[in-house]
Every structure is written in C-alpha cells, then in structure tokens.
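First to last, the protein sequences are chains A and B. Here the first sequence stands for residues 8 to 425, where the numbers follow our numbering. Here the second sequence stands for residues 256 to 552, where the numbers follow our numbering.
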Amino acid sequence: MAVDRRKFLKSGALASGALITSPWVFSTGAHAAGEIKVGVLFSLTGGLSIVEKSLHDATMMAISEINAAGGVKGMKIAAIAEDGASDPKTYNEKASKLVIQDRVPTVFGSYTSASRKAALPVFEKRNNLYFYPTYYEGFECSKNVVYTGAVPNQQLSNFIPWIIKTLGKKKFFIVGSNYIYPREMAKVSKILIEKNGGEWIADEYLELGHSEWGSMVNKIKNSGCDVVLSNVVGDSVIAFYREYKNQGLTHDKLPICATVTSEIEIAAMGADYAVGSYTSFPYFQAIDTDRNKAFVERYRAFVKDPKAVTHHALESSYFQVFLWKQAVEKAAEVTPVAIREAVKGQEFDAPNGHVKIEAENLHTYLTPRIAQWQPDGQGKIIDAYKEPVMPLPYVAYGETPTNLFCTSKGLDATKLKT
Amino acid sequence: MLEVLFIGLSLGSILLLVALGLAITYGAMGVINMAHGEMVMVGAYVTVLSGLWLGTNIFVAIPLAFIVTALLGLLIERIVVRKLYGRLLDTLLATWGVAILIQQAVRLEFGLSFFGIHIQGLGPGLQNVDVPGILQGTLHIAGADINRYRTFIILVTAVLALATWFLIYRTVAGTQVRAIIRNPKMAAACGIDVDRVNALTFAFGSGLAGVAGVMMSGFKTVFPDMGTPMVVDGFLVVVMGGVGSLLGSVLSAGILGEINGVVAAATNDILARAVVFGVVIAIIILKPKGLFALKGR
Numbered sequence: 008m009a010v011d012r013r014k015f016l017k018s019g020a021l022a023s024g025a026l027i028t029s030p031w032v033f034s035t036g037a038h039a040a041g042e043i044k045v046g047v048l049f050s051l052t053g054g055l056s057i058v059e060k061s062l063h064d065a066t067m068m069a070i071s072e073i074n075a076a077g078g079v080k081g082m083k084i085a086a087i088a089e090d091g092a093s094d095p096k097t098y099n100e101k102a103s104k105l106v107i108q109d110r111v112p113t114v115f116g117s118y119t120s121a122s123r124k125a126a127l128p129v130f131e132k133r134n135n136l137y138f139y140p141t142y143y144e145g146f147e148c149s150k151n152v153v154y155t156g157a158v159p160n161q162q163l164s165n166f167i168p169w170i171i172k173t174l175g176k177k178k179f180f181i182v183g184s185n186y187i188y189p190r191e192m193a194k195v196s197k198i199l200i201e202k203n204g205g206e207w208i209a210d211e212y213l214e215l216g217h218s219e220w221g222s223m224v225n226k227i228k229n230s231g232c233d234v235v236l237s238n239v240v241g242d243s244v245i246a247f248y249r250e251y252k253n254q255g256l257t258h259d260k261l262p263i264c265a266t267v268t269s270e271i272e273i274a275a276m277g278a279d280y281a282v283g284s285y286t287s288f289p290y291f292q293a294i295d296t297d298r299n300k301a302f303v304e305r306y307r308a309f310v311k312d313p314k315a316v317t318h319h320a321l322e323s324s325y326f327q328v329f330l331w332k333q334a335v336e337k338a339a340e341v342t343p344v345a346i347r348e349a350v351k352g353q354e355f356d357a358p359n360g361h362v363k364i365e366a367e368n369l370h371t372y373l374t375p376r377i378a379q380w381q382p383d384g385q386g387k388i389i390d391a392y393k394e395p396v397m398p399l400p401y402v403a404y405g406e407t408p409t410n411l412f413c414t415s416k417g418l419d420a421t422k423l424k425t
Numbered sequence: 256m257l258e259v260l261f262i263g264l265s266l267g268s269i270l271l272l273v274a275l276g277l278a279i280t281y282g283a284m285g286v287i288n289m290a291h292g293e294m295v296m297v298g299a300y301v302t303v304l305s306g307l308w309l310g311t312n313i314f315v316a317i318p319l320a321f322i323v324t325a326l327l328g329l330l331i332e333r334i335v336v337r338k339l340y341g342r343l344l345d346t347l348l349a350t351w352g353v354a355i356l357i358q359q360a361v362r363l364e365f366g367l368s369f370f371g372i373h374i375q376g377l378g379p380g381l382q383n384v385d386v387p388g389i390l391q392g393t394l395h396i397a398g399a400d401i402n403r404y405r406t407f408i409i410l411v412t413a414v415l416a417l418a419t420w421f422l423i424y425r426t427v428a429g430t431q432v433r434a435i436i437r438n439p440k441m442a443a444a445c446g447i448d449v450d451r452v453n454a455l456t457f458a459f460g461s462g463l464a465g466v467a468g469v470m471m472s473g474f475k476t477v478f479p480d481m482g483t484p485m486v487v488d489g490f491l492v493v494v495m496g497g498v499g500s501l502l503g504s505v506l507s508a509g510i511l512g513e514i515n516g517v518v519a520a521a522t523n524d525i526l527a528r529a530v531v532f533g534v535v536i537a538i539i540i541l542k543p544k545g546l547f548a549l550k551g552r
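Rendered as structure tokens:
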C-alpha cells in the first residue's frame, strides 16, 4: 500500500515535470479540429462574482457573436470557462490549467489587480497571452498582457481639470479604499490637482470592504472642502453614498466625483442617493449611439434579464474579444506570440467608440467621459474627450506620450527612479 | 464634538445590535454560532424581498424578519446544534457549515438558478432597500445635525436590549434560561425542560440577528457575504463584555463604539480599527473572563 502510494507520487511528479518542460511548440491541440480554444477566467463564485459574472457573460456573448458570424479564419472559437472563485491563488491554478493542460493561445480574464498579478507569472513564464478588461492603477508593463480597461490618466486627465474649471471647485477631499488602486489614483489626482491650480486638503482611506462611514463623512463635512474625489470600490460605495445623504450633505453643494462608481453600484444603492454626483469612465450605459443601444439590447437578451446594466469593464470584456479576433486573422499562425504581435495597433469600433491597442505598451486608447447620475440610475454624459486618449500606465511617475516608460522592449526602470 | 460622540454612540449601537443575539446564543448557551452573521444577512434579505414582493417598508420588515430568522434558528437548533451542546469547537465547525449553506442558498436562489429560474431580490448581486423618507437626512438638535437613520438604529437597539433584559431577568422563561446557563443538569433535575428552553432561546437569539439585518439593510449593502465581517465584531463585543453577561455586552459595545468614533475623528478609520482590536486584546489579557464575568462555583 505504502509502496503503491510512493510509486504513484513518483510517477505523478514525473508527469508534471514533463508537462513543465514541454514547450509550446510541441502542442498539437489548440487549433487542430477546426476550432480555436480560448480560456475565459472570471470568478463565478465568491464575493467578486457580483461583477465578474457580468464580465464572463460579456466575453461569452462576444464569442457566440463571432461564431454566429462564421468564426475566425473559418474556425469556431471554443471557450473553456474556469472559475477564479474570487481567490487569487485559484486564479493562478486555473491559469496554469488553461495554459499548460488545455494549451489555449489566449485567456480572457481577471477583474481585480490581485487576481491579475497572481495569474501573470503563468503567462510570462509560458510566454502566453492574457486579455485584461478592467480599469486598473497602471504601474505594470508586461508583454504578455493586453490591457483594455482604463488606466489612471484616462479617467483623471479630463476629470480633474473639468472639476476645477467647469464646476469651479478647488478644495479636494480625496477618499478611497485602502489598497493599491485608490492609492495610485490619489497619486495621479494630486499631480493633476496641483497642475490645475487646485489643492487637496485630505487624503483618507477606509479598509476595503468596510462599510462604516460615520466618522469619515463627518470629517468630510467639517473639512471645509468643496468637492469629494472618491476612489472607493465595491460594496463600500453604497454605504458611503447613503451615509453622505444621511448626514445632510448634498451633491449640488458638495458633489462626490468618483472614479469607480458605476451603473452596478448606483442600482444597488438606489438612484436617489447619487443624483447629481459625477463619475468618470470611458463607457456608460447611457452613451447615446445606435451601436451602444444595440449592444445593451443584445446583452440583455443574452443574459435573459431585461433590466441588466452594462458598465465599463463589461464593455471592455466584450470588445477585447473582437480585437483578439482581428489579431488572429492577421497573424500567420495561432500562437500567443503571433497574436500579440498582430494585436498591436488593432482598431475596432466598440460600443464606447473607436478603440485602438497601443503598439508599445499593449494598453488601449479610450475616450474619457464624465457623467452626472440621474434619478433613473443612468449617467447623463456631460463631457467627453473629442478623441481617444493615449494610455499611460506610468503617468503617476512622470510618463508622457513623448517619453514612454513602458515600450515593446519592456519597462525602462531607469526612468522610474528619476 | 457632539457629532463625534453621537457617531461613537451609533457605532456602539450597531455593534450591540449584532452582539445581542450572540450574547444569547454564545453567551448564554455556549454555542459558537458562526451562522449568526448569516442570520443578519437573511434578515436583510427579508427586507429586500418583502419590499419587492409585498410592497411593504422597513418597519413591517422588522417583525417579519424576526419571525423568519427565529424559525430558521429553531430549525438549525433542532437539526444541528442540539446534538452538540457542550462541544464548543464542534459547534463552531457545524455552524460554519450551516453559514456556508445559507449563503449559497441565497446566492444560487435556492438552487433554482441551475434551472434558469431567477427570483428577483436573490442571487449573487447587490440588493437595494428603499428607506422611507422620514428616516433619511438629518434632524437639527442643539445646533448639531443628527443623522435620522442612526438615531432610529439607536432607538431600536435600546428597545431590543431592554426587551431582552426583561425576558431574561424578569420572566419565568428567563429564570429557566439563566438556570440552564449555570448548570444544565441541575436545571433539568428541577423539572425544567432543557431541550425546549434551549430551542426557544436559540430561536430568540436568531430572531434578534434578523432584526439587526433589517437595520443594516437600510444603510449598508445587502449581498450574500454581508454577515461574515459582522460576526467577528459581534464576538469581540461578547468576549470583552464577559460571556453570559448582558450588561457586559451593552457596556463593551458602547466603549468600543466610542473608542472607534473618537480615534477615527482624531486620526483615521484604519488606525481606529487597530486601536479597537488593541483594546480588546488588552482587556482579554488583563481580565480573561471579560469585564463582567459570571461568578459561578
């Protein structure tokens, strides 16, 4: 019995060793049988499934639309869906499974930065490709990830000057959840606030997932600020807006200007708590174009929920599959490296407008928009950039369009220090 | 300063609201009830569902949630907990399992979502509870803006605490409960139906959690995981107050709430939370049985 078990362990170890050493070239699978396998990796269970399920659905919808229209190069896309279970460690395991066992040339996935960072080593080690649809804090430069969500400069570069010039607000109270994304956003905000002649009087944080806002809102009330810049994420957002109103603050005198509050949170808090506040995102459900309206209709039909809301990360989850499809069509062979080279500079007319992958840093050109929340829970778009803005993942450290830190050669760390 | 103290009081009342039920099930019955947070969650969902399907408001939801969670508590006691009295760690594991079951039942809409059937108000998403206009905004008292909803919570908590005190210390049933806390075998020998009293006590504790859920639904987010962090705070209060002492729970909730409120106002929320944990640790070290320990032989 004991020998059997030892034997089993030994052969198991050998087998997994063989898997690790077998390089990508020997793979026969991925596109042999008239289909291309891709991985879809979002949390379908756990706390984050609230949002990630919708990203999963949008990805699946894009795949089914492409298949209905004839697939890619005459091949159908076969999605292998895995559940990240709201747990970074699970993300790493499932990414390994998709890349090593299923040998997919691309995985679409992740919502949080934590889950992306956990899956990243798998893609870098195997030289595979990960499409990441969420707005995030930047400060990352990987040739194995295509980022289709907004980076800080695409949410803040028009927002802060607009708050100062159009709203005429100068004293900022910056508030966020206590982790990397809000802290990086605050860093970029401070640079922009000072550049535009405003000042920030406080930069405060509440634990992630914590929803006791009594003290913080009282502090905001007594701080003498005239605008609140919120980088609060997740379910805390709802408690924040509710407490804000319950302590007698109103958005017409002291507006909350948020970078993360989306249609989902507004629906959950009850629209009357947010009426008059502002959010900056490249995409809103309310974008008034036929293409977007048709997209919202199709999504609602796809998830069989006539009231389903769409939001920024969801829209990115959708259009990034089309960018991938165009890249596969352009690439000579269906390998991660060929797809990555082909995706550079790809353009697509997404529901939010024209998007393009920047060839140097594999991030996406997006159009920043500002919306004011209305009683019906939708954002009214009151300001938009005329054209898509170049993504600058290192803008907090001084990156500019003419002085890129992250290029196709990788991150230039010497620029980071100075 | 008045506002800071008010917020502290409000924080304390929220702590006590969750801890009251625990003071009964853990404090009095010696069951580490990990499903307590889920009872809070179920109470919040009763508010959501009664609002959606019956069109009723938060006031109607209070008795409704009490009944639903009390019945659920009774069921859990009958099926699981009654077999585990006196086995502290086993109750922890078993009720944790129950907690996961309840969470998933809500998330998967009692399993119906597998068949493509969706019940509005359930599922993994965030839910929205309408708060009546009378509870929104502020009251002007003595030059300070007092938050109406928080005032409402403080009142409800005070009523519940008084009702619980009255039940435990001024009724025959309460005397029986206290007898069982002291010595279950002696109580049984004196003719108390220990099984029945235990079941009802557990149901009452669960019902209190349900009411706490209704109050939470009005200003926090309603989703399947909402109860888990609350149960930790609840245990802090009960352990610091002294297991089995109602007065201890009331006082420790008040103290922790005010410490949290004042430190958060002076510095920030993250430090305040650390200080609260620090105070609890210090008290456990200095008085291992809590502020008000039962003196038994």
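The beta-carbon is built from N, C-alpha and C at its ideal position, and this holds for glycine as well. Computed from a predicted model, the values in this text were never measured in an experiment.
Reference residue i; option with closest CA among the options
{"i": "B/Asp385", "options": "A/Val152, A/Ile389 and A/Ala278", "result": "A/Ala278"}
{"i": "A/Glu322", "options": "A/Gly46, A/Leu48, A/Ile43 and A/Met67", "result": "A/Met67"}
{"i": "A/Arg307", "options": "A/Gly216, A/Val47 and A/Ala65", "result": "A/Ala65"}
{"i": "B/Val224", "options": "B/Leu329, B/Glu258, B/Ile322 and B/Gly298", "result": "Shown here, chain B extends from 256 to 552; a query on residue 224 of chain B therefore has no answer."}
{"i": "A/Ala265", "options": "A/Asn253, A/Ala275 and A/Tyr248", "result": "A/Tyr248"}
{"i": "B/Met470", "options": "B/Leu390, B/Gly446, B/Ile435 and B/Ser500", "result": "B/Leu390"}
{"i": "A/Val182", "options": "A/Thr268, A/Gln108, A/Gly156 and A/Lys101", "result": "A/Thr268"}
{"i": "A/Tyr372", "options": "A/Gly386, A/Lys393 and A/Arg133", "result": "A/Lys393"}
{"i": "A/Ala215", "options": "A/Asn225, A/Gly231, A/Ser196 and A/Pro189", "result": "Sequence inspection shows Leu at residue 215 of chain A; the Ala mentioned does not correspond to that position. For the residues A/Asn225, A/Gly231, A/Ser196 and A/Pro189, the minimum Cα distance to A/Leu215 belongs to A/Pro189."}
{"i": "A/Lys415", "options": "A/Ile389, A/Leu236, A/Lys351 and A/Phe355", "result": "The sequence given here has Ser at residue 415 of chain A, not Lys. Ranking A/Ile389, A/Leu236, A/Lys351 and A/Phe355 by Cα distance to A/Ser415 puts A/Lys351 first."}
The beta strand (DSSP E) enclosing residue i, as first and last residue numbers
{"i": "A/Tyr137", "result": "Tyr137 to Tyr139"}
{"i": "B/Arg342", "result": "Note, B/Arg342: premise wrong, no beta strand (DSSP E); not H, not E."}
{"i": "A/Ser237", "result": "Val234 to Asn238"}
{"i": "A/Gly183", "result": "Lys178 to Ser184"}
Contacts of residue i in chain B (Cβ-Cβ under 7 Å)
{"i": "A/Arg249", "result": "Phe474"}
{"i": "A/Ser56", "result": "Pro379"}
{"i": "A/Glu219", "result": "Leu266"}
{"i": "A/Asn185", "result": "Ile525"}
{"i": "A/Ala275", "result": "Leu381, Gln382, Asn383 and Thr476"}
Cross-chain neighbours of residue i in chain A, by beta carbon under 8 Å
{"i": "B/Ala520", "result": "Ser222, Asn225 and Lys226"}
{"i": "B/Pro387", "result": "Chain A residues near B/Pro387: none, gap ~12 Å exceeds 8 Å."}
{"i": "B/Gly516", "result": "Gly221 and Ser222"}
{"i": "B/Arg425", "result": "Simply none; closest approach about 34 Å."}
Alpha-carbon to alpha-carbon, residue j and residue i
{"i": "A/Thr342", "j": "A/Leu136", "result": "9 Å"}
{"i": "B/Thr311", "j": "B/Val303", "result": "10 Å"}
{"i": "A/Val239", "j": "A/Ala293", "result": "22 Å"}
{"i": "A/Thr141", "j": "A/Lys124", "result": "13 Å"}
{"i": "A/Val79", "j": "A/Glu42", "result": "9 Å"}
{"i": "A/Asn74", "j": "B/Ala467", "result": "50 Å"}
{"i": "A/Lys202", "j": "B/Glu513", "result": "40 Å"}
{"i": "B/Gly516", "j": "B/Ala527", "result": "8 Å"}
{"i": "A/Asp297", "j": "A/Pro358", "result": "9 Å"}
{"i": "A/Val158", "j": "B/Leu415", "result": "49 Å"}
{"i": "A/Leu423", "j": "A/Tyr186", "result": "21 Å"}
{"i": "A/Val195", "j": "A/Glu304", "result": "36 Å"}
Start-to-end residues for the alpha helix (DSSP H) that takes in residue i
{"i": "B/Thr412", "result": "Arg403 to Arg425"}
{"i": "A/Gly41", "result": "No alpha helix (DSSP H) contains A/Gly41, which DSSP labels as neither H nor E."}
{"i": "A/Phe115", "result": "Looking at the DSSP string, A/Phe115 is not in any alpha helix (DSSP H); the run it does join, the beta strand (DSSP E), is Val114 to Gly116."}
{"i": "A/Asn253", "result": "Ser243 to Asn253"}
{"i": "A/Ile227", "result": "Gly221 to Asn229"}
{"i": "B/Ala521", "result": "Leu501 to Ala521"}
Chain-ordered chain B contacts of residue i [CB-CB under 8 Å]
{"i": "A/Leu213", "result": "Asp524 and Ile525"}
{"i": "A/Gln254", "result": "Thr393, Asp400 and Asn402"}
{"i": "A/Gly216", "result": "Pro484"}
Buried or exposed by the 16-neighbour rule on C-beta atoms within 10 Å, applied to residue i
{"i": "A/Ala338", "result": "buried"}
{"i": "A/Trp2", "result": "The structure shown does not extend to residue 2 of chain A, since chain A spans only 8 to 425, so no value can be given for it."}
{"i": "A/Trp169", "result": "buried"}
{"i": "B/Ile409", "result": "buried"}
{"i": "B/Trp308", "result": "exposed"}
{"i": "A/Gln162", "result": "buried"}
{"i": "B/Thr426", "result": "exposed"}
{"i": "B/Ser553", "result": "Since the first residue of chain B shown is 256 and the last is 552, residue 553 of chain B is not available in this structure."}
Under 7 Å by beta carbon: chain A residues contacting residue i
{"i": "B/Glu258", "result": "Asn225"}
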